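Each residue of the sequence shown is one higher than the one before, starting from 3 at the first, in the working numbering.
For each residue, glycine too, the CB sits at the ideal point set by N, CA and C.
Just so it is clear, the structure is predicted and the values come from calculations on it, not from any experiment.
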Amino acid sequence: MERLYKGIRRFQESFFKKEEDFFKRLSNSQDPDVLFITCADSRVDPALVTQSKPGELFILRNVGNIIPPHDALKDKNSTAAAIEFAVLVLKVSDIIVCGHSNCGAIKALNKDDMELDTMPHLKDWLKLAMPVKDIVSGSLAGGPPEEIQMITEKENVLAQIENIQTYPFVAQALKEGMLFLHGWYYDIGTGGMYAYIPNMDKFELIK
């Protein structure tokens, strides 16, 4: 914790002091144009990898960057609440769903159910991504674990892109050309960010 306290002091004494006018303007309202949905993994920092300033990204993070289909979770679905706020109130123009390499949620997805018995909330949450596991295991059964992991991570991004389109207000905004969806994949070890190209059906490095 002491490291965090020192960091706060450095922020207040250096960066904040230099950008005080900017933060005063920012304190009045937010006007991000992008909803960035990604994993809660501590190694993934959307603002860092996109070099975005405070206020430019509306960030939604959860385990495995999973988007429950519309009405999949009737009670206390904070992910759906954030999407509603971003699209209906903030009027973002773009939504990015970003997965990443060596994702712990995807690893957990491939574990035996009994291994998750002590984590019932995580177990139930990961059930939302079970169709992804079924797709990959059916086509790559017996393949190299590293390849299965990476392909599952990428397929998970595409599955969540499909899920978010089950929200009527998202579908309407897409139809009206007011909203655009993007699937990204971040390779932590290389720093590379890959964007899904629908007409090519593959992820390509953003240069």
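Neighbourhood of leucine 160 by C-beta, 7 angstroms cutoff - its chain only, sequence neighbours within 5 removed: Looking up residue 160 in the sequence shown gives position 158. Taken in chain order, the residues that qualify are Gly185, Tyr198.
Please list the segments of the alpha helix (DSSP H) lying wholly inside the stretch 119-158, counting only runs of 4 or more residues, in order along the chain. 122-128, 132-142
Bounding residues of the alpha helix (DSSP H) (the contiguous stretch that carries glycine 9): Locating residue 9 in the sequence shown gives position 7, where the first residue counts as 1. Run containing glycine 9: 4-12, per the alpha helix (DSSP H) assignment.
My output table needs one value for glycine 194: the three-state DSSP class, helix, strand or coil. In the sequence shown, residue 194 corresponds to position 192, counting from 1. Here glycine 194 sits in coil by DSSP.
Using alpha carbons as the reference points, say which of Thr168, Phe182, Pro146 lies closest to alanine 74. Position 72 of the sequence shown, counted from the first residue, corresponds to residue 74. Closest option to alanine 74, Cα to Cα, is Thr168.
Alanine 83 and proline 70 closer than 8 angstroms at C-beta: Taking the first residue of the sequence shown as position 1, residue 83 is located at position 81. Taking the first residue of the sequence shown as position 1, residue 70 is located at position 68. No, the pair does not count as a contact, with Cβ atoms beyond the cut-off.
Local conformation of isoleucine 68 per DSSP, three classes: In the sequence shown, the residue the question calls residue 68 occupies position 66. Of the three classes helix, strand and coil, the one that applies to isoleucine 68 here is coil, per DSSP.
Taking all protein chains shown into account, decide if leucine 6 is buried (16 or more other Cβ within 10 angstroms of its Cβ) or exposed. As a first step, residue 6 is located in the sequence shown; it is residue number 4 there, counting from the start. The residue in question, leucine 6, is exposed, as its Cβ has fewer than 16 Cβ neighbours within 10 Å.
In its own chain, which residues sit with a C-beta less than 8 angstroms from the C-beta of lysine 204, not counting the 5 before and 5 after it? Locating residue 204 in the sequence shown gives position 202, counting from the first residue. Cβ within range, chain order: Tyr198.
The stretch 104-124 in contact with the stretch 49-59 per 3-pair CB rule at 8 angstroms: no
Using DSSP with H/G/I as helix, E/B as strand and the rest coil, what is lysine 20? Residue 20 sits at position 18 when you count from the first residue of the sequence shown. Correct three-state label for lysine 20: helix.
Please classify glycine 179: does DSSP put it in a helix, a strand, or coil? Counting from one through the sequence shown, the residue named residue 179 turns up at place 177. Correct three-state label for glycine 179: coil.
Give the C-beta separation of isoleucine 39 and asparagine 104 to the nearest angstrom, bearing in mind that I take them to be a contact with Cβ-Cβ under 8 angstroms. As a working note, residue 39 is residue 37 in the sequence shown. As a working note, residue 104 is residue 102 in the sequence shown. No, isoleucine 39 and asparagine 104 are not in contact; Cβ-Cβ is about 19 angstroms, not under 8 angstroms.
Can you list, in chain order, the residues of its chain with a C-beta nearer than 6 angstroms to that of arginine 45? Leave out the 5 residues immediately preceding and following it. Here the question's residue 45 lines up with position 43 in the sequence shown. Within the same chain, arginine 45 has close Cβ partners Ile190.
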